[in-house]
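*Asks:*
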Amino acid sequence: MPGSQLPFSLLRSAALISLSLPTLITASIGFDCSNIVHEKTRWNLEALGGPRVVHWIREGDPTTHNFTFTLDICKPLLKEKGLPDKEQCASSTRICGVDRAYNPIENVTTVDKKVDIVGDYFTGRGLHLESVVTRLSTSPRSDQEGIRAELSGGRYPLDDKKGKKQKAIIDFLCDKDVDGTETETPDGKDEKEEKSPEKREEKNESPLVFKSYAEEKVPKSDDMWEILRLEWTTKYACEDSVDVDKPVRGSWGFFTWFIIILFLAVAAYLIFGSWLNYNRYGARGWDLVPHGEAIRDIPYIVKDLGRKVASTVQGPNSRGGYSAV
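FYI, the numbering for the sequence shown is -27 to -1, 1 to 298, going by mature numbering (1 follows the signal peptide of the UniProt record, and there is no 0).
(1) Check Arg257 in the structure and name its three-state DSSP category.
(2) Roughly how many angstroms separate the alpha carbons of Asp152 and Thr82, rounded to a whole number?
(3) In the DSSP output, what is His28 paired with across the bridge?
(4) Taking C-alpha atoms, which residue in Cys69, Pro113, Glu188 and Ile120 lies nearest to Val10?
(5) I believe Tyr209 touches Leu18 by the beta-carbon criterion, under 8 Å. Please report the beta-carbon distance rounded to the nearest angstrom.
(6) In three-state DSSP terms, what is Ser185?
(7) Are the stretch 21 to 30 and the stretch 145 to 159 touching, with three or more C-beta to C-beta distances below 8 Å?
(8) Give me the Cβ distance between Asn252 and Leu261, rounded to the nearest whole Å; I'm assuming they're in contact under 8 Å.
(9) In chain order, which continuous runs of the alpha helix (DSSP H) of length 4 or greater are located wholly inside the stretch 37 to 110?
(10) Ordered along the chain, which non-local residues of its own chain (more than five positions away) have a Cβ less than 7 Å from that of Thr206?
(11) For Trp259, count the other beta carbons within 10 Å of its own beta carbon; 16 or more makes it buried, fewer makes it exposed. Which is it?
(12) In whole angstroms, what separates the C-alpha of Gly33 from that of Leu109?
(13) Under the rule that 16 or more other beta-carbon atoms within 10 Å means buried, what is Asp93, buried or exposed?
(14) Quick check on this structure: which residue in Leu44, Arg257 and Cys211 has the alpha carbon closest to the alpha carbon of Leu124?
(15) Would Phe42 be called buried (16 or more neighbouring beta carbons within 10 Å of its own) or exposed?
(16) Straight-line CA distance for Glu189 to Glu12?
(17) Cα-Cα, which of Ser65, Ser64, Arg67 and Glu60 is closest to Arg73?
(18) Got a sec, what are the start and stop residues for the alpha helix (DSSP H) Gln287 sits in?
(19) Closest to Thr37 by C-alpha separation, out of Arg67, Ile233, Asn80 and Arg202, would be which residue?
(20) Using the Cα positions of Val182 and Asp144, report the straight-line distance between them to the nearest angstrom.
(21) Kindly indicate which residue of Val282, Gln117 and Ser104 has the alpha-carbon position closest to the one of residue 302.
(22) What whole-angstrom Cβ distance do Phe4 and Leu102 have, given they're in contact under 8 Å?
(23) Just reading off the beta strand (DSSP E) that Lys138 is part of, what are its end residues?
(24) Looking only at its chain, what residues have a beta carbon closer than 6 Å to the beta carbon of Gly127, apart from the 5 residues adjacent to it on each side?
(25) Does DSSP put Val10 in a helix, in a strand, or in coil?
(26) With DSSP as the reference, label Leu203 as helix, strand or coil.
(27) Going by alpha carbons, who is nearest to Arg202 out of Tyr186, Val106 and Asp196?
(28) With the cut-off set at 7 Å, would you say Leu131 and Ala63 are in Cβ contact?
(29) Under 7 Å between the Cβ atoms of Pro35 and Asn76?
(30) Count the other CB atoms within 10 Å of the CB of residue 299; is the residue buried (16 or more) or exposed (fewer)?
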């Protein structure tokens, strides 16, 4: 083996160390609804989790189209029992759109298309859920208090690499008198989907409101994406809402980061020292490890220290060193 090559054992050690800290790599990917931080302000939208439904109705003659958007901002949507696969999005989807056409003359409902708008589809497709959060009070829309969440990751069709990219832009608007959880939820029944648009619009008092779903040009790019825009009025979007109902989960403290940095420093020292001993002196086994002899003596040192501590705690023998006959 050439002297410049690193031993297999050291390569394996480096790989194990890199795998032991996956959260440092994936921490910026995804969307944590319970701990949203922007410009030193924190929001907790966990109460808005769970599947929610909003509709986009387009009346026709005679067919009426109902684009139903089901979303869960906190976790992937679960599969609904009794619904065929063509009406359900892929696993790991957080926002799913299903466009249905209802013909009242023939009393027939058909599914035009299913769109995976937001989700984490890295396995098999290489698509991550990405999020961008903006504080509305510091944006051009300064007359509103709240946050804007831009969530992406999907495309249509999902399995087509050239499919149209998808994004959802949700404006969470502050209203201290509105809880925001009184939204429509999916029940899996066709009767609810086939209600007349007039009745649905008369009862449109939901805090979650559909604004638009259309192709838009992405800023700083010539690409055209299909973007879903929603508005969600809730007290949880207010800047002083955190800790009113539920405390958010704490972030890593100084001591945790100190342990991680210390661990990485020790690991780097051992790996570099082993590599140096191997290339410079051709060392093998324990001789590879820097201060290998001292490390091998650690168990004996700890054992002797334990004996001294135990003898100190027990105190001197009351028999003055003589044992009973």
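Where is the CB? At the ideal position from N, CA and C, for every residue including glycine. Owing to the predicted nature of the structure, the values given are computational and were not obtained by experimental measurement.
*Replies:* Taking the geometry as given:
(1) coil
(2) 34 Å
(3) Thr41
(4) Ile120
(5) 5 Å
(6) strand
(7) yes
(8) About 11 Å; that fails the 8 Å criterion.
(9) 95 to 98
(10) Leu146, Asp148, Val151, Gly153 and Pro180
(11) exposed
(12) 37 Å
(13) buried
(14) Leu44
(15) buried
(16) 27 Å
(17) Glu60
(18) Gly265 to Gln287
(19) Asn80
(20) 10 Å
(21) Past the boundaries of the shown model lies residue 302; the chain is included only from -27 to 298, so the question cannot be answered.
(22) 6 Å
(23) Lys137 to Cys147
(24) Asp89, Ile90, Val91, Gly92 and Gln139
(25) strand
(26) strand
(27) Tyr186
(28) yes
(29) yes
(30) Because the chain is modelled from -27 through 298, residue 299 falls outside the range shown and cannot be assessed.
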